[in-house]
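Chains as they are written, first to last, in this note's numbering: chain A, 32 to 436; chain B, 21 to 248. Glycine included, each C-beta is placed from N, C-alpha and C at the ideal position.
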């Protein structure tokens, strides 16, 4: 009966109920949007950086990270390939043969990070082909090169022109070659856009005289949070193979530190948002309590214990909170999905700031459903905790004063 | 006959520190079991305040109220709520039924609070609805009932806990003549057949005519107490 009473009371004043549910509904939507946007920006920043550089996890020869020498490479290993292919948390992996070289054309010369890639596998890791703005993507047997847009512009080169590369090869060999430009790639990270070039792996191995060697294997994961446990598993399985396995946090700690700092700031912002939400919900609870004071007085007069009355009122609030939260989560989903499919492109100063931090100036929300659940849960807890105020208020009611109110 | 209700030197002063108002002023009143008593008097004479004090809805400034010899003015608020539930039935001028419950549920609700079994509740609801002549309206919500019917449900609700007495504050004030007559017949029948004690405040001459004892209040004091 008490539940029935609470449920029917909830719908007795539809306006009041709708106001309360709406306040929770919008609170949940705002909390979710803020969270997924912030996480999405960080995800994008990290993803932009790692997919074009080291991956979320990288395997390299012991000591390579501290001394990035072309001599500190490792040979293809079928056992390692099997380990990586069998790991379900790996979304893609690609071998890299990286070396710094000088790229030259006419009077212009610039140091570049040259990467030998398996075109198919690399595309799974970095979506490099989608970044082409001119020409075509590399194929395995090609003896041609892809240049980043900024580099091509600096060297004053265009499609089908030839770029000259000079560097140090394996075990002190001189590396020199000239390669026609097959494609020009635009990268979201401006610093990378000015100094990167790619050759097919076989061609790069010829250039650097490394034989069938890699400098590293870049690994992408299904979920960024899985990188740590995955690294541990790979380390365990490659014990005794002279490999170092590192996560992106270890390789580019400054990005991680920046991420942690921003997350800390976001906690403060979230706190402020929750405070605003709390006041909104509290206002509707106060309104509800004041509107029903006469009714509460009558119920107490006819013998209803305040504890039971408070239980019924809290039950109503909990039900409204659950309904508002569920609708908020459902309502937020299409909005988040829309912005996921149509990211917000930043312009002006915002874009400049983004570029300073080396990430593409777009805001694209994260669609990990756990963020929806967490935010819904937080708002639900806020609403339920605030509804406990009803217990305090009802405890203070004087029947006669309430009846006369 | 035994006294159900006894008040001794009962006073209620509102705003004692600012503009004191003696709503009830030294009232000594004894109500015996089975009485059908009307509290009458002009507006502001203290009828409702006296009913509230007798019903334990308010605490007196001085004096005491004894129900079956128990001084309710010394009870804690929670004990008083339980005491009201078990011993006192209330009928309000504005009916004050729970709008989201049906007529039957409004009556059953009181027995829920008394932790009666479903079987006991159903039986009592049927009895009470029959007594107030609303068996066919058991599933109607208050908004689907006339004022007279709502007040009859309120009487049934007041009787649900089998109280020692019923306090009714201007029970006919919002009713038309026919509904008033009907309600008074029911209350009189309950008083005569079931020996239920009624105390009501009223201005309504039709109610006063039905009462067997009339207590007149002026300025918070009893100025006459007659039986007819």
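At which residues does the alpha helix (DSSP H) containing residue i begin and terminate?
i: residue 181/A; result: 180 to 186
i: residue 208/A; result: It is not in any alpha helix (DSSP H) - residue 208/A instead sits in the beta strand (DSSP E) that spans 205 to 216.
i: residue 372/A; result: 337 to 372
i: residue 155/A; result: 150 to 157
i: residue 182/B; result: That residue, residue 182/B, is in no alpha helix (DSSP H); it is neither H nor E in DSSP.
i: residue 35/A; result: 33 to 43
i: residue 314/A; result: 284 to 322
Do residue j and residue i have their beta-carbon atoms positioned less than 8 Å apart in this structure?
i: residue 113/B; j: residue 193/B; result: yes
i: residue 452/A; j: residue 276/A; result: Since the first residue shown for chain A is 32 and the last is 436, residue 452/A is missing from the structure and cannot be characterised.
i: residue 164/A; j: residue 215/A; result: yes
i: residue 241/B; j: residue 83/B; result: no
i: residue 119/B; j: residue 81/B; result: no
i: residue 44/B; j: residue 31/B; result: yes
i: residue 245/A; j: residue 102/A; result: no
i: residue 431/A; j: residue 72/B; result: yes
i: residue 58/A; j: residue 349/A; result: no
i: residue 166/A; j: residue 243/A; result: no
i: residue 494/A; j: residue 150/A; result: Beyond the ends of chain A as shown, which are 32 and 436, falls residue 494/A; an answer cannot be given.
i: residue 68/A; j: residue 394/A; result: yes
i: residue 24/B; j: residue 87/B; result: yes
i: residue 190/B; j: residue 222/B; result: yes
i: residue 239/A; j: residue 128/A; result: yes
Going straight from the alpha carbon of residue i to that of residue j, what length do you get?
i: residue 266/A; j: residue 116/A; result: 15 Å
i: residue 85/B; j: residue 26/B; result: 6 Å
i: residue 436/A; j: residue 384/A; result: 58 Å
i: residue 378/A; j: residue 64/A; result: 21 Å
i: residue 35/A; j: residue 226/B; result: 39 Å
i: residue 125/B; j: residue 66/A; result: 46 Å
i: residue 140/B; j: residue 433/A; result: 32 Å
i: residue 219/B; j: residue 56/B; result: 6 Å
i: residue 193/A; j: residue 302/A; result: 56 Å
i: residue 359/A; j: residue 106/B; result: 45 Å
i: residue 13/A; j: residue 197/A; result: Summary: the structure shown does not reach residue 13/A, with chain A confined to residues 32 through 436, and so no result is reported for it.
i: residue 227/A; j: residue 131/A; result: 10 Å
i: residue 130/B; j: residue 91/B; result: 24 Å
i: residue 105/A; j: residue 159/A; result: 24 Å
i: residue 257/A; j: residue 119/A; result: 11 Å
i: residue 98/B; j: residue 78/B; result: 13 Å
i: residue 210/A; j: residue 107/A; result: 25 Å
i: residue 181/A; j: residue 54/A; result: 49 Å
i: residue 207/B; j: residue 352/A; result: 45 Å
i: residue 329/A; j: residue 116/B; result: 7 Å
i: residue 138/A; j: residue 220/A; result: 26 Å
i: residue 33/A; j: residue 343/A; result: 6 Å
With a 10 Å radius around its C-beta and 16 neighbouring C-beta atoms as the bar for buried, classify residue i as buried or exposed.
i: residue 205/A; result: exposed
i: residue 311/A; result: buried
i: residue 144/B; result: buried
i: residue 96/B; result: exposed
i: residue 100/B; result: buried
i: residue 95/A; result: buried
i: residue 40/A; result: buried
i: residue 66/B; result: buried
i: residue 39/B; result: exposed
i: residue 89/B; result: exposed
i: residue 109/A; result: exposed
Starting from residue i and walking both ways along the beta strand (DSSP E), at which residues does that stretch end?
i: residue 236/B; result: 233 to 238
i: residue 146/B; result: Note, residue 146/B: premise wrong, no beta strand (DSSP E); alpha helix (DSSP H) at 138 to 151.
i: residue 86/B; result: 82 to 87
i: residue 126/A; result: 121 to 136
i: residue 42/B; result: 41 to 52
i: residue 3/B; result: Nothing in the structure corresponds to residue 3/B, since chain B is present only between 21 and 248.
i: residue 163/B; result: Looking at the DSSP string, residue 163/B is not in any beta strand (DSSP E), and its letter there is neither H nor E.
i: residue 219/B; result: 217 to 221
i: residue 199/A; result: 193 to 199
i: residue 231/A; result: 227 to 231
i: residue 219/A; result: Residue 219/A -> no beta strand (DSSP E), and no H or E assigned at all.
| According to a CB-to-CB cut-off of less than 8 Å, which residues of the stretch 114 to 125 of chain B neighbour chain A? | 116, 118, 119, 120, 121 and 125
| query | Taking a cut of 9 Å between CB atoms, which residues from the stretch 415 to 429 of chain A lie near chain B? | reply | 429
| request: Identify each residue in the stretch 321 to 333 of chain A for which the Cβ-Cβ distance to at least one residue of chain B is less than 9 Å, and report them in chain order. | output: 325, 326, 328, 329, 330, 331, 332 and 333
| said: Along the stretch 40 to 70 of chain A, where does the CB come closer than 7 Å to a CB of chain B? Name the residues. | reply: 40 and 43
| Looking at chain A, which residues of the stretch 184 to 212 of chain B have a Cβ within less than 7 Å of any of its Cβ atoms? | none
| field | Residues from the stretch 259 to 271 of chain A in contact with chain B, defined by Cβ distance under 7 Å | value | none
| task | Would you list, in chain order, the members of the stretch 340 to 353 of chain A that have their beta-carbon closer than 7 Å to a beta-carbon of chain B? | result | none
| message | Counting only Cβ-Cβ distances shorter than 7 Å, please list the residues of the stretch 71 to 85 of chain B near chain A, keeping chain order. | response | 72, 77 and 78
| field | Within 9 Å of chain A by C-beta, residues of the stretch 123 to 142 of chain B in sequence order | value | 125, 128, 129, 130, 132, 133 and 134
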